[in-house]
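Here the working numbering is used: the first residue of the sequence shown is 293, the next is one more, and so on. Glycine included, C-beta positions come from ideal geometry on N, C-alpha and C.
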Amino acid sequence: MAEPVKLFQYNTLGALMAGLYGGSMTIGELLQYGDLGIGTLDSIDGELIVLDGKAYQAKGSGELPEVVEVSDEVTVPYAAVVPHQAEVIFRQRFEMNDQELEQRIESYYDGENLFRSIKIHGDFAHMHVRMIPRSTDERRFAEVAVSQPEYHADNVSGTIVGFWTPEIFNGVSVAGYHLHFISDDHTFGGHVMDYIIKEGVVELGAVDQLDQRFPVQDRKYLFAKFNLDEMKEDIDAVE
Ligand SMILES: [Zn+2]
293 MAEPVKLFQY NTLGALMAGL YGGSMTIGEL LQYGDLGIGT LDSIDGELIV LDGKAYQAKG
353 SGELPEVVEV SDEVTVPYAA VVPHQAEVIF RQRFEMNDQE LEQRIESYYD GENLFRSIKI
413 HGDFAHMHVR MIPRSTDERR FAEVAVSQPE YHADNVSGTI VGFWTPEIFN GVSVAGYHLH
473 FISDDHTFGG HVMDYIIKEG VVELGAVDQL DQRFPVQDRK YLFAKFNLDE MKEDIDAVE
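Listed below in structure tokens is the structure:
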């Protein structure tokens with residue numbers, strides 16, 4: 293049997309929602325566990341995009357988003373990566389919106405109870421993204437998320453990366469799709485809101501295991517009192 297594919301997740305989305313934004317794992321370490329993924333940076337400073345083993349940060353600043361490569365010493369409070377192995381690859385040959393493409397993607401799933409990694413490279417007639425703005429620990433994610441910069445691009449080529457999470461793991465991650473985008477020229481990117489794909493190649497990867505890491509030396513996490521109802525509301529509201 294082939295080596296099991298491990299989805300590596302550092303911290304949980306729930307902890308992030310509760311306001312634990314301090315980075316405690318380096319990008320250098322994170323990249324040892326996978327070559328494709330998503331997350332955010334220390335102080336929730338924008339969106340993390342891991343593509344082909346490299347880490348990028350998309351930040352909202354003014355009129356245009358800014359995309360930069362992230363160096364190994366930068367830390368993350370939350371991230372998920374996988375050694376992506378496409379199990380299903382199909383070509384999307386005609387224009388579809390995100391909901392239509394999601395339906396097509398789901399037609400290849402064997403049931404609804406496994407995570408999947410997703411990579412879509414293509415030409416997009418439209419791409420709509422947002423970026424979480426840098427914040428301090430004192431504010432709940434849902435409060436910060438009210439004023440997130442959003443950006444639109446027309447006729448942009450690039451890659452969507454991320455995960456599909458089963459409903460039973462909501463809280464550990466966000467149930468359903470969590471996708472980030474980076475353009476081929478590395479000038480545009482962020483957390484995907486919606487899009488129209490003109491044509492492209494869709495790769496769906498299997499996930500056999502979840503390697504859930506905890507910030508075991510982070511006192512804020514260790515002694516935090518989480519309000520689960522609030523956390524679920526916040527995930528529904530902002531993700
Ligand atoms: Zn995101």
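Closest residue to residue i among the options (Cα-Cα distance)
i	options	result
Tyr469	Leu308, Glu365 and Leu496	Leu496
Glu531	Val362, Glu404, His418 and Gly482	Gly482
Glu295	Asp500, Ala529 and Phe515	Asp500
Thr451	Leu305, Gly463 and His418	His418
Val368	Asp402, Met309, Trp456 and Glu339	Glu339
Glu365	Glu522, Thr318, Ile336 and Val448	Thr318
Ser427	Leu323, Gly454, Lys298 and Thr332	Thr332
Ile341	Pro458, Arg408, Gly354 and Val359	Val359
Gly329	His472, Ile460 and Glu522	His472
Tyr370	Ile489, Ile424 and Gly315	Gly315
Length of the line joining the Cα atoms of residue i and residue j
i	j	result
Asp477	Gly320	23 Å
Glu491	Val438	33 Å
Tyr325	Glu404	25 Å
Val436	Phe455	23 Å
Glu383	Gly414	Before going on, a small fix: residue 383 reads as Arg here, not Glu. The alpha-carbon atoms of Arg383 and Gly414 are separated by roughly 9 Å.
Pro507	Leu514	8 Å
Leu299	Leu502	5 Å
Asp429	Lys512	10 Å
Val453	Asn519	30 Å
Heavy atom of ligand 2 within 7 Å of residue i beta-carbon
i	result
Ile330	By its list of ligands, the structure shown excludes ligand 2, since it contains just ligand 1.
Buried or exposed by the 16-neighbour rule on C-beta atoms within 10 Å, applied to residue i
i	result
His444	exposed
Lys517	exposed
Tyr400	exposed
Ser465	buried
Gly354	exposed
May I ask you to verify whether the region 365-374 touches the region 387-394, counting CB pairs closer than 8 Å and requiring at least 3? no
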